[in-house]
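For the protein sequence lines, the chains are A and B, in the order given. The numbering of the first sequence is our numbering, which starts it at 14 and goes up by one. The numbering of the second sequence is our numbering, which starts it at 19 and goes up by one. From the three backbone atoms N, C-alpha and C, an ideal C-beta is built for every residue, glycine too. In this text, all values refer to a predicted model and were calculated from it rather than measured experimentally. Structure first, then comments.
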Amino acid sequence: RKEVEQDPGPFNVPEGATVAFNCTYSNSASQSFFWYRQDCRKEPKLLMSVYSSGNEDGRFTAQLNRASQYISLLIRDSKLSDSATYLCVVISPPGRRALTFGSGTRLQVQP
Amino acid sequence: ETGVTQSPTHLIKTRGQQVTLRCSSQSGHNTVSWYQQALGQGPQFIFQYYREEENGRGNFPPRFSGLQFPNYSSELNVNALELDDSALYLCASSLAGDLYGYTFGSGTRLTVV
Chain A
14 RKEVEQDPGP FNVPEGATVA FNCTYSNSAS QSFFWYRQDC RKEPKLLMSV
64 YSSGNEDGRF TAQLNRASQY ISLLIRDSKL SDSATYLCVV ISPPGRRALT
114 FGSGTRLQVQ P
Chain B
19 ETGVTQSPTH LIKTRGQQVT LRCSSQSGHN TVSWYQQALG QGPQFIFQYY
69 REEENGRGNF PPRFSGLQFP NYSSELNVNA LELDDSALYL CASSLAGDLY
119 GYTFGSGTRL TVV
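Written out as structure tokens, the structure reads:
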């Protein structure tokens with residue numbers, strides 16, 4: 014079983030739609046959680062951190078459920094520019110030095 | 019402030035050959051990590067260097083090795099290349115202990131034929 018699992022998609026949504034991505038992680042000792050965005054053939058870039066209390070950045074809302082070992086990302090009012098692959102990322106002990114990535118969920122926003 | 023730069027951007031090698039990939043870290047960063055991203059997969063951690071020493075390693079064989087230099091730049095060396103080594107190799111720099119400040123380079127796309 015992979016340490017971080019995501020639905021690969023693709024999610025095809027119209028502009029203006031709300032879309033939600035989910036991610037599960039297997040290591041209950043995981044301590045830090047992130048969503049990264051990766052455009053086609055480019056490097057990953059940090060989108061936002063994820064906290065148990067939930068956090069919001071504009072149209073993006075991230076949530077962590079430690080009991081269920083589940084992370085979510087909600088995108089409201091989708092834009093064409095949101096089309097990308099969204100990577101769920103976890104940092105786990107020991108060492109807490111490596112980012113563990115899921116395989117990514119591809120989003121295609123259509124006009 | 020300069021970002022992370024990697025060279026070369028693309029490379030084609032033959033199975034069994036050796037390859038060296040290079041990474042210049044972002045100004046102010048002292049830690050470099052290397053990741054391998056196969057097509058359709060997320061990046062996989064290879065190893066991390068801090069103060070010129072390897073201080074973390076993923077599930078990669080010893081033929082994957084690296085160096086960090088006093089200016090914090092780094093090299094990834096892969097010996098005895100296999101077809102499955104074909105991937106995008108990403109370098110990320112950060113400040114030790116800063117989990118939120120990883121900056122990735124645009125990667126080196128390696129094709130092994």
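Nearest neighbour of Leu101 of chain B, chosen from B:Leu128, B:Phe87, B:Leu39 and B:Pro80 [CA to CA]
B:Leu128
So, for Val26 of chain A: in the same chain, excluding its five sequence neighbours on each side, which residues have a beta-carbon less than 8 Å away from its beta-carbon?
Val32, Ser91, Leu120, Gln121, Val122 and Gln123
Kindly indicate which three-state DSSP category Ser105 of chain A falls into: helix, strand or coil?
coil
Against chain A, with Cβ distances strictly below 9 Å, would Tyr90 of chain B count as a contact?
no
Considering only the beta carbon of each residue, do Thr126 of chain B and Leu57 of chain B sit closer than 9 Å?
no
What residues in its chain sit with their C-beta under 6 Å from that of Leu106 of chain B, if we drop five residues either side in the sequence?
Gln55, Gly125 and Arg127
Check the Cβ-Cβ distances between Gly46 of chain B and every residue of chain A, and say whether any is below 9 Å.
no
Could you name the residues of the same chain whose beta carbon sits closer than 6 Å to that of Phe78 of chain B, not counting the 5 residues immediately before and after it, in chain order?
Ile64
Contacts that Ser111 of chain B makes with chain A (C-beta to C-beta distance below 8 Å):
In chain order: nothing, as chain A lies at least about 12 Å away.
N-terminal and C-terminal residue of the beta strand (DSSP E) that Asp70 of chain A is part of:
Asn68 to Asp70
Ser94 of chain A (DSSP reduced to helix, strand or coil)
helix
In this structure, does DSSP put Leu99 of chain B in helix, strand or coil?
coil
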